Amino acid sequence: MEQKSFHSEFQNKLADLMSEISTLPKRERDKLTELAGKTQSKHDQLKKTVDGLQESLDYLRLSIKYLVFDLEATRRENAYLRKIIEEEPSSEAENDTGTDDFSSNDFGY
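Numbering follows the numbering used here, in which position 83 of the sequence shown is assigned residue number 80; successive positions increment by one, without gaps.
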């Protein structure tokens, strides 16, 4: 929001400046009109850059949220698998049936 009010304030002040410039003699008016046009162009370029940066920051925030979620899910999965390993009988002969019981999904997602 702050960026939009700054942009509209800039546009208003530039319009005021242009109306003041229009009252000057032609020689001075031409030079200042050119400078005001360059200022407008630089402002537009800066606005596009700031918008791009804001979009990049939004994407970065979303990526960080996803990575945190993925890390938490991996930790839950790791804890679940450790629990399964700890609960298994210590004898490998009892587990040599050739089947794994991973049909239930207790990872929390």
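The C-beta atom is built at its ideal place from N, Cα and C for all residues, glycine as well. None of the values given here were measured: they were computed from a predicted structure.
According to DSSP, is ALA90 helix, strand or coil?
Summary for ALA90: the model assigns pLDDT 47, below 50, so the residue's position carries little reliability; its value from the coordinates is reported in the next sentence. If DSSP states are grouped into helix, strand and coil, ALA90 belongs with the helices.
What is the residue span of the alpha helix (DSSP H) that THR71 lies within?
Segment 23 to 84, the alpha helix (DSSP H) holding THR71.
I'd like to check one pair, LEU11 with THR36: are the Cβ atoms closer than 8 Å?
Yes, Cβ-Cβ distance for THR36 and LEU11 is below 8 Å.
Could you have a look at LYS2 and say whether DSSP puts it in helix, strand or coil?
Per the sequence presented here, residue 2 reads as Ser, with Lys not at that position. Helix.
DSSP three-state call for SER16: helix, strand or coil?
Correct three-state label for SER16: helix.
Residues in its own chain within less than 8 Å of LEU59 by CB, not counting five upstream and five downstream?
Around LEU59: no qualifying Cβ.
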